[in-house]
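Below is one structure; the comments refer to it alone.
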Amino acid sequence: MYSRYVDLEAMYAPTVYMHMQEDINEKMRSILIDWIVEVHFKFKLATPTLYLTCNIIDRYCMVEAVTRDKLQLVGVTALLVACKYEEIWPPEVRDCVYITDNTYTREQMLEMEMAMVRRLRYQLTVPTAWTFLARVLRVARATETQFQRACYYSERMLQEHDMLAFRPSLVAATATYLSRLVDIEDAHAWPPVLEEFCGLSVDMLMPCAHMMRSFLEAEPVTANHRHLVAAKRKFLQDKFLSVSIEELPQLPSPPATGAFS
């Protein structure tokens, strides 16, 4: 099953796309995802819903030009679509209109919903980083702290457009590795059982691991100096073991390069 998901992610995983957009940028996307994380938590939605929402947003933005005045509409509609797919009791359209402070009408949202699912060819059964993370953590026999820590690392990366350069399965494996690295010495943080299950050596994790750690260390900030900390604030709570304020793991130094290495 895991290998099947790996095959599918090649078809449905979004990649970096902002160079194709003319009116929105990476910072606007970060603001949107930060808001989505807040709304998702406020509505007490399932974890797969959040990841599918972000997948829908990015896949839609890959194939459709989006103006900044419609970006939040894209985001809230993606959330609505993901809820209909993942939730037993999804929020209603009027709830989604309300959380945008009535910026958009019910009709605009329904119109966007139809346009979105058509543009994505109704392909909503897609593997996300959560699809892989849940399985890798089970194989790793993660402790509760390791589980919450990896969830935080992975969820925080949803905000970072540059992380789309890495496949969701690699992001999930890297979040698991970094989470274990806090508690376990480097030589044992990525044991053979995980390497075999994921098909990834620790060296293959390193580029993603260094980027992930750098993003975890530096909070995203808007042009008016507002910190985008929805995920950090969420995982600061006792129910998530306050993992977002833990010290980050130390990564092995990248190998030296050049003529004298």
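Numbering (the working numbering), first residue to last: 36 to 296. Built from N, CA and C at the ideal position, the CB exists for glycine as well.
Whole-angstrom distance between residue j and residue i, CA atom to CA atom
i: residue 228; j: residue 144; result: 46 angstroms
i: residue 146; j: residue 119; result: 16 angstroms
i: residue 276; j: residue 183; result: 7 angstroms
i: residue 109; j: residue 256; result: 22 angstroms
i: residue 43; j: residue 58; result: 30 angstroms
i: residue 285; j: residue 216; result: 8 angstroms
i: residue 220; j: residue 268; result: 28 angstroms
i: residue 287; j: residue 210; result: 15 angstroms
i: residue 97; j: residue 40; result: 21 angstroms
i: residue 111; j: residue 232; result: 35 angstroms
Proximal residues to residue i (C-beta, below 7 angstroms), its chain only, five neighbours per side dropped
i: residue 141; result: 128, 129, 132
i: residue 68; result: 89, 193, 194
i: residue 156; result: none
i: residue 60; result: 53
i: residue 150; result: none
Beta-carbon gap between residue i and residue j smaller than 9 angstroms
i: residue 8; j: residue 138; result: There is simply no residue 8 to check, as the chain begins at 36 and stops at 296 in what is shown.
i: residue 244; j: residue 199; result: no
i: residue 203; j: residue 166; result: yes
i: residue 154; j: residue 86; result: no
i: residue 196; j: residue 51; result: yes
i: residue 240; j: residue 283; result: no
i: residue 63; j: residue 103; result: yes
i: residue 122; j: residue 81; result: yes
Beta-carbon contacts of residue i that lie in its chain and below 6 angstroms, excluding the five residues immediately before and after
i: residue 270; result: 187, 278, 279
i: residue 235; result: 208
i: residue 225; result: 212, 237
i: residue 294; result: Model confidence at residue 294 stands at a pLDDT of 49, short of 50, so the residue's coordinates are unreliable; what they give is reported in the following sentence. Contacts found: none.
i: residue 72; result: 265, 266
Contacting residues, own chain, Cβ-Cβ under 8 angstroms from residue i (five flanking each side not counted)
i: residue 218; result: 178, 180, 181
i: residue 47; result: 90, 94, 158, 161, 162
Please give the ranges of any alpha helix (DSSP H) in the region 124–197, keeping only runs that are unbroken, at least 4 residues long and fully inside the region. 128–134, 141–154, 164–174, 179–192
Segments assigned beta strand (DSSP E), at least 3 residues, entirely inside the region 48–127: none
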